[in-house]
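Asks: The numbering used here applies: residue 5 is where the sequence shown begins, and numbers increase by one. What follows is a single structure, and I will ask about it in a moment.
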Amino acid sequence: MKKKVLLTGDRPTGPLHLGHLVGSLENRVKLQDQYQSFFIIADYQVLYDHLYETKTVLKNTYEIVLDWLAVGLDPSKSVFFQQSAVPYIGELTQYFSYLVTIARLRRNPTIKEEAKSLGVDSQKDRITYGFLGFPVSQAADILFVKAEVVPVGEDQLPHIEQTREIARTFNRLFGKTFPLPKAIISQTPRLIGLDGSQKMSKSKGNAILLSDPPEVIYQKVLNAYTDPKKIHISDPGHPETCPVCIYRQIFDPNPESARRAIEEDRLGKRGCLQNKKELAEILIEYLRPIRERRTRFAKEKGLVEKILAEGNKKACEVGSQTLKEVRKKVFGY
Numbered sequence: 005m006k007k008k009v010l011l012t013g014d015r016p017t018g019p020l021h022l023g024h025l026v027g028s029l030e031n032r033v034k035l036q037d038q039y040q041s042f043f044i045i046a047d048y049q050v051l052y053d054h055l056y057e058t059k060t061v062l063k064n065t066y067e068i069v070l071d072w073l074a075v076g077l078d079p080s081k082s083v084f085f086q087q088s089a090v091p092y093i094g095e096l097t098q099y100f101s102y103l104v105t106i107a108r109l110r111r112n113p114t115i116k117e118e119a120k121s122l123g124v125d126s127q128k129d130r131i132t133y134g135f136l137g138f139p140v141s142q143a144a145d146i147l148f149v150k151a152e153v154v155p156v157g158e159d160q161l162p163h164i165e166q167t168r169e170i171a172r173t174f175n176r177l178f179g180k181t182f183p184l185p186k187a188i189i190s191q192t193p194r195l196i197g198l199d200g201s202q203k204m205s206k207s208k209g210n211a212i213l214l215s216d217p218p219e220v221i222y223q224k225v226l227n228a229y230t231d232p233k234k235i236h237i238s239d240p241g242h243p244e245t246c247p248v249c250i251y252r253q254i255f256d257p258n259p260e261s262a263r264r265a266i267e268e269d270r271l272g273k274r275g276c277l278q279n280k281k282e283l284a285e286i287l288i289e290y291l292r293p294i295r296e297r298r299t300r301f302a303k304e305k306g307l308v309e310k311i312l313a314e315g316n317k318k319a320c321e322v323g324s325q326t327l328k329e330v331r332k333k334v335f336g337y
């Protein structure tokens, strides 16, 4: 029985971190055996909010592929490829751009939220054509391989719905060509940052990277958010809002140990420093196999380049067939 097609990936804005691991990467490792998987390095997507920082894209691409390999993604089972290496994505974006109105793009909640985070009003003319058309480009990323499932965070659901709308419109106008992809939502809550902010982020400097050595992990955890209301050890803690306690629940291999530590924190029977030291050791051990595999892969000269060259070729072969079908449906040749 033919496997369904899956597509997901990462923007090369920096190396991956713990939030990516529990929110997406661990799930991808399980899914790669169930689906024909395509993992995209979405380098064009860097341009909409990092237009003046493109010199790091190549290095970040290399780092992300090493992270993928280290967590267990397997290029013999999946296709690793770069968005910019597949010209058929751009061609498909062109076709799709005629199927979506400006008004519809402006209503996309994710576009509104991302514009707000950049200090831009999505309803006015300060945003670029590329930024506003980002969902159209993403639809082409998904549909050029005719992906049927797309693992995403809940905040990306509007993009998947817009992709379905585009596929539906194309199929209605030119005949059934594309599937209507379904989202696979991660069941893991978003990991908050070390500083207690809502999201762990490379750009905010509140993340533990998969590539961080033990001494860096230790120092980052010691510098993590400290409950301002817990001045003395005997003061009751608030583990539900403390990133150290939240991480302990997720990463401690001994659930009973985690439960006991959190309860002691709540009752004022342990201090923040003890919590941090214990968590640092837990995270160092949790990431040890990933770090060791990553180091081993990094020593293999030309490995990343070879994997991407093969993946780009496979993605282009699939894209060529899709666009041949699209041209035939649209123009008859």
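We treat Cβ as the ideally placed atom computed from N, Cα and C, and that holds for glycine. Owing to the predicted nature of the structure, the values given are computational and were not obtained by experimental measurement.
1) Taking the alpha-carbon of Gly27 as reference, which of Asn210, Leu195 and Ile221 has the nearest alpha-carbon?
2) Since Gln40 sits in a beta bridge, which residues does DSSP pair it with?
3) Can you give me the C-alpha to C-alpha distance between Pro217 and Lys116, rounded to a whole angstrom?
4) Please classify Ile106: is it buried, with 16 or more other beta-carbons within 10 angstroms of its beta-carbon, or exposed?
5) Put Leu213 into one of helix, strand or coil per three-state DSSP.
6) Have a look at Asn316, Tyr290, Glu296 and Pro232 and flag the residue whose alpha-carbon is nearest the alpha-carbon of Cys276.
7) Can you name the residues that DSSP bridges to Gln166?
8) Report yes if the CB atom of Asn316 is closer than 8 Å to the CB atom of Gln86, and no otherwise.
9) Specify the secondary structure class of Ile131 as computed by DSSP and reduced to three states.
10) Just the Cα atoms here: how many angstroms apart are Val104 and Lys150?
11) Between the beta-carbon of Val83 and the beta-carbon of Ala319, is there less than 8 Å?
12) For Phe301, which three-state DSSP category applies?
13) When you compare the CB positions of Ile311 and Gly272, do they come within less than 8 Å of one another, or not?
14) Could you check what DSSP says for Gln178 in three-state terms: helix, strand or coil?
15) So is Arg295 buried or exposed if we call it buried at 16+ other beta carbons inside 10 Å?
16) With a Cβ-Cβ cutoff of 8 Å, do Asp14 and Ala46 count as a contact?
17) Hey, out of Glu152, Glu169 and Gln38, whose CA is closest to Tyr102's CA?
18) Could you name the residues of the same chain whose beta carbon sits closer than 6 Å to that of Ile235, not counting the 5 residues immediately before and after it, in chain order?
19) On a CA-only basis, which of Ile286, Gln223 and Lys7 is nearest Ile250? Give me that one, please.
20) Below 8 Å on the Cβ atoms is my contact criterion, and I expect Ile146 with Thr167 to pass it. Report the Cβ-Cβ distance as a whole number of Å.
21) Using the three-state DSSP reduction, which class does Ser82 fall into: helix, strand or coil?
22) With 16 other CB atoms within 10 Å as the buried threshold, where does Asp71 fall?
23) Have a look at the DSSP bridge pairing and note the partners of His21.
24) In whole angstroms, give me the CA-to-CA distance for Pro155 and Leu10.
25) Mapping DSSP to helix, strand and coil, what is Asp269?
26) With which residues is Lys332 paired in a DSSP beta bridge?
27) State the beta-bridge partners of Pro155 as determined by DSSP.
28) Give me the Cα-Cα distance between Ala144 and Pro91, rounded to the nearest whole angstrom.
29) Alpha carbon to alpha carbon, how far is Gln142 from Pro113? Give it in angstroms, no decimals.
30) Check this for me: beta carbons of Leu291 and Leu20, under 8 Å apart or not?
31) Pull the bridge partners of Ile45 from the DSSP assignment, please.
Replies: Reading off the structure:
1) Each of Asn210, Leu195 and Ile221 was checked against the Cα of Gly27, and the nearest Cα belongs to Leu195.
2) According to DSSP, which records beta bridges pairwise, Gln40 is partnered with Val9.
3) Taken atom to atom, the span from the alpha-carbon of Pro217 to that of Lys116 is near 37 Å.
4) Using a 10 angstroms sphere on the CB of Ile106, the tally of other CB atoms stays under 16, which defines it as exposed.
5) In this structure, Leu213 counts as strand in the three-state DSSP scheme.
6) Measuring from the Cα of Cys276, the nearest candidate turns out to be Pro232.
7) Gln166 pairs with nothing; no bridge assigned.
8) Going by C-beta atoms, Asn316 is nearer than 8 Å to Gln86.
9) In the structure shown, Ile131 sits in coil (DSSP, three-state: anything other than H, G, I, E or B).
10) A direct Cα-Cα distance of roughly 19 Å separates Val104 from Lys150.
11) It is a contact, given that the beta carbons lie within the stated cut-off.
12) Shown here, Phe301 sits in a helix according to DSSP, grouped into three states.
13) In this structure, Gly272 does not lie closer than 8 Å to Ile311 by Cβ.
14) Going by the sequence as given, residue 178 is Phe instead of Gln. Phe178: helix per DSSP, three-state reduction.
15) Answer is buried; the Cβ neighbour count reaches 16.
16) Contact flag set, yes.
17) Nearest to Tyr102 by alpha-carbon distance, out of Glu152, Glu169 and Gln38, is Glu169.
18) Leaving aside the five residues that flank Ile235 on each side, none in its chain has a CB nearer than 6 Å to its CB.
19) If we check each option's Cα against that of Ile250, Ile286 comes out closest.
20) Confirmed, Cβ separation roughly 5 Å.
21) In this structure, Ser82 counts as strand in the three-state DSSP scheme.
22) Asp71 should be labelled buried.
23) Under DSSP, His21 shares a beta bridge with Leu213.
24) Cα to Cα, the separation comes out at about 8 Å.
25) If DSSP states are grouped into helix, strand and coil, Asp269 belongs with the helices.
26) Beta-bridge pairing links Lys332 to no other residue.
27) BP columns for Pro155 point to Ile188.
28) Distance between Ala144 and Pro91, taken at the CA atoms: about 11 Å.
29) Rounded to whole angstroms, Pro113 to Gln142 spans 15 Å at the Cα level.
30) Not a contact, by the Cβ cut-off of 8 Å.
31) Looking at the DSSP output, Ile45 sits in a beta bridge with Asp14 and Gln86.
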